[in-house]
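Here the structure is laid out as structure tokens; the discussion comes afterwards.
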Amino acid sequence: MGTDTTGQDPRIGVVICDCGDKIAGVLDTEALRQKAAGQPGVEYAARDTYPCSKDGQERICKAIQEYQLNRLLVAGCSPRMVDKLYHQAVQSTGLDPSYLNVINIREHVAYIHPDDPAAAAKASSMIEMGIARLAMTAVSPAHTGQVVKAALVIGSGLSALTVALALADARFQVTLVEPTGALGGSVPDLQERTRELIAAKSQLVLEHPLITTLFNAYISEVTGHPGDYEVRIQYGDQSTTYEIGAIIVDNGAQTKKMGATRWFDREKVKTQAEYETELDGAIAPGKMLEPDNVVMIFCAEETQLERCSRVCCNIGVRQAIRTKQLKPDSNVTILFRELYLGEVGGYHEAEFIEARKLGVTFFRYRRDRPPVIGDKTVDVLDTLTGEPIRVPFERAVLSMPLIPNDNSQTLAALLGLPQDEAGFLAEPRLRLRPGRYADPGIYVLGSAQQPADTTEALFQAYLTSSRTARFLSQDTISVQTPVASIDPVLCTGCGNCPQVCPTLAIHLEKRDGLLSLSEVDELRCIGCGNCVVVCPVKAISLPGWDNIEIPAQISAALQSHPNGPV
């Protein structure tokens, strides 16, 4: 039997959750309580209908003080749902959160074994294993770090500019990195309103005293931990390291190019971005729109069969309206497979209705029979009659998918961000982590994570700016969670552990001699245990899940069921 840091023997409390009838309707929770009460070191065992409720938490705290408990096991639902609640509750009693263990007998037993007689034995075994682990576990020390009151914004799209201004207005120093020579980034929806907003916000950014704008710049290195990053930025022939507290990524998206494999007459066939330039040119004095017959083909790329770029339909409808306004006698035909116009009754539906009133023809084509572009006509199958139709054109406009910018993969590697199947960046899903882990202070928004129109870009910007401001308003970050520990005597510097760390928390440091030494950044570590598994010399340990606690759980399981698992 182990002892806590004060030298006291374990005094363990066990609370069995009924969860209404979700658990108690399947398992005999009173029998589980009685069996848990007879385990070594258990001084208190109780059932509770909803221990995660405010009243339930108060009852737990009262029992800890009354029975002088120094360790607590709660058997109920998923720790991801209630772990943070219990940790906050027990801290008020002085109980170290390391001595709290939440095991899941709802999803792992009650839900999946509703009619299995062995369910009770499994639940009992899980509780006994949890008690054995608590009896042997040690305290995980708290890890703290400072928060630098500065933010880095990567990109200069509408979302990025809005966030930069909001943080600067909140008195945080902001560094904005733009890979090109001008603000604005890529404008995926090409709305005139978007351009006006970007122009206005760009001027405000350039004039704001707390915003440093770096043009023709890129990130070359990122080190440090949440709240205190060191970011090396290369701009021109200069390279400077900035101390950054939070990082916001809005590197935008780009239109996929047609490629050299297309045989189309490029004088007649344009992408939406190219046609937008043509429409802008027709506004100039003395200019006019030339083509009389315009055919727009939505979802013109095979990849759009599986992944929608979400803004292409809106762009196409808007361009059709502009075409009719510039040349009312022109024939505009939109060939579509599906129309994505957002919510019913919204702004984009109104544009669709306006296009119909102006005389734009909408024609659906079949997924397995896409339009075929010829020299002078576009051939498409009539879905109602099954007859082929030829639509004449002088200008064919293809909606090509939006894809991640070229630097997305580099940013993902530098910042430890996941990418989806198309290569867009994704924010770490903090809701799927227990609450004791540190927020990395890295936020992805705008078209960096998926193509976004003006409304969505602004919504994300306001949300992200408030989240970032709240993060930066902290003076320090403190986490109480098991953190991987590396024995420098055993470490051979093989480099296996940095390769499997999902949060880039491990790096190699040079030391005297030929070998390097792995070191762990405590605030980045999430205690996943990947590094423990791949270490060939067993130099890495994870408090609470090492060669003491795990064998104790195995022994408890085997003693309960000597003939094998249930």
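If you count the sequence shown from 1, position 534 lands on 533 in numbering that gives the first Met the number 0, and the numbers rise without skipping. We put the CB at the ideal spot given by N, CA and C, even for glycine. Quantities reported herein were computed from a predicted structural model and do not represent experimental measurements.
State the Cα-Cα distance for the pair residue i and residue j, rounded to the nearest angstrom.
i    : j    : result
P439 : V379 : 51 Å
E127 : A62  : 20 Å
M295 : V331 : 8 Å
K356 : I333 : 14 Å
V89  : S77  : 18 Å
D566 : L213 : Lying before the first or after the last residue shown, residue 566 is absent from the chain, which here runs from 0 to 565.
I210 : Q190 : 26 Å
P369 : T254 : 20 Å
E206 : A451 : 27 Å
T136 : L338 : 58 Å
I549 : L424 : 37 Å
R567 : L397 : The displayed coordinates of the chain run from 0 to 565. Any statement about residue 567 would go beyond what the structure contains.
T463 : S219 : 24 Å
F362 : Q448 : 31 Å
T143 : D474 : 10 Å
P113 : A44  : 24 Å
A354 : R317 : 8 Å
What would DSSP say about residue i, mapped onto helix, strand or coil?
i    : result
C16  : strand
P433 : Its pLDDT being 47, under 50, P433 is placed unreliably in this model, and the value from its coordinates should be taken loosely. Correct three-state label for P433: coil.
K509 : strand
G440 : coil
G528 : coil
G295 : Sequence inspection shows Met at residue 295; the Gly mentioned does not correspond to that position. M295 falls in the strand class under three-state DSSP.
P403 : strand
A411 : helix
A555 : helix
E220 : strand
K177 : It is Glu, not Lys, that sits at residue 177 in the sequence shown. Three-state DSSP puts E177 in a strand.
L31  : helix
Y43  : strand
E242 : strand
Q253 : strand
N103 : strand
I153 : strand
V536 : coil
G445 : helix
For residue i versus residue j, is the C-beta spacing smaller than 8 Å?
i    : j    : result
V204 : L151 : no
A131 : Q552 : yes
Q183 : S155 : Rather than Gln, the amino acid found at residue 183 in this sequence is Gly. Taking 8 Å as the Cβ cut-off, G183 and S155 qualify as a contacting pair.
E42  : I11  : yes
V14  : A109 : no
A395 : K267 : yes
A496 : C530 : The sequence shown places Cys at residue 496, rather than the Ala named in the question. Taking 8 Å as the Cβ cut-off, C496 and C530 qualify as a contacting pair.
L278 : R306 : no
S238 : D291 : no
A122 : I111 : no
A119 : D20  : no
Which same chain residues, not among the five before or five after residue i, have their C-beta less than 6 Å away from its C-beta?
i    : result
C51  : V81 and L84
T48  : D17
R523 : H224, T502 and A504
S308 : P400, L401 and P450
C298 : R336
P9   : G40, R70 and A134
Between residue i and the rest of its own chain, which residues show a CB-CB distance below 8 Å, the 5 nearest in sequence each way excluded?
i    : result
R366 : L304 and R336
T376 : R389, V390, P391 and F392
P387 : D378, V379, L380 and D381
Y461 : T161 and A165
Q459 : S158, L444, G445 and A451
Taking the continuous alpha helix (DSSP H) assigned at residue i, which residues delimit it?
i    : result
E420 : From DSSP, E420 is part of no alpha helix (DSSP H); its letter is neither H nor E.
S515 : S515 -> not in any alpha helix (DSSP H); beta strand (DSSP E) instead, spanning S515 to V519.
Q271 : Q271 to A281
N330 : Premise fails: N330 lies in the beta strand (DSSP E), N330 to F335, not in any alpha helix (DSSP H).
E65  : K53 to E65
D82  : P78 to Q90
R306 : Neither: R306 is in no alpha helix (DSSP H) and is coded neither H nor E.
P497 : N495 to V499
I210 : From DSSP, I210 is part of no alpha helix (DSSP H) but of the beta strand (DSSP E) over I210 to F214.
Looking only at its own chain, which residues have a Cβ that is under 7 Å from the Cβ of residue i, when we skip the five neighbours before and after it?
i    : result
A169 : A468
P481 : S139, G526, L541, P542, G543 and W544
E508 : S515, L516 and E518
P487 : L516
T270 : T254, M257, L397 and M399
L431 : Low per-residue confidence applies at L431: pLDDT is 49, beneath 50, and the placement is therefore not dependable enough to give any value.
The beta strand (DSSP E) that contains residue i, what's its start and end?
i    : result
E229 : D227 to Y234
H142 : H142 to Q145
I476 : T475 to V478
A388 : It is worth fixing the name first, because residue 388 is Ile in this sequence and not Ala. That run of the beta strand (DSSP E) goes P387 to P391.
V316 : No beta strand (DSSP E) contains V316, which is instead part of the alpha helix (DSSP H) from C311 to L325.
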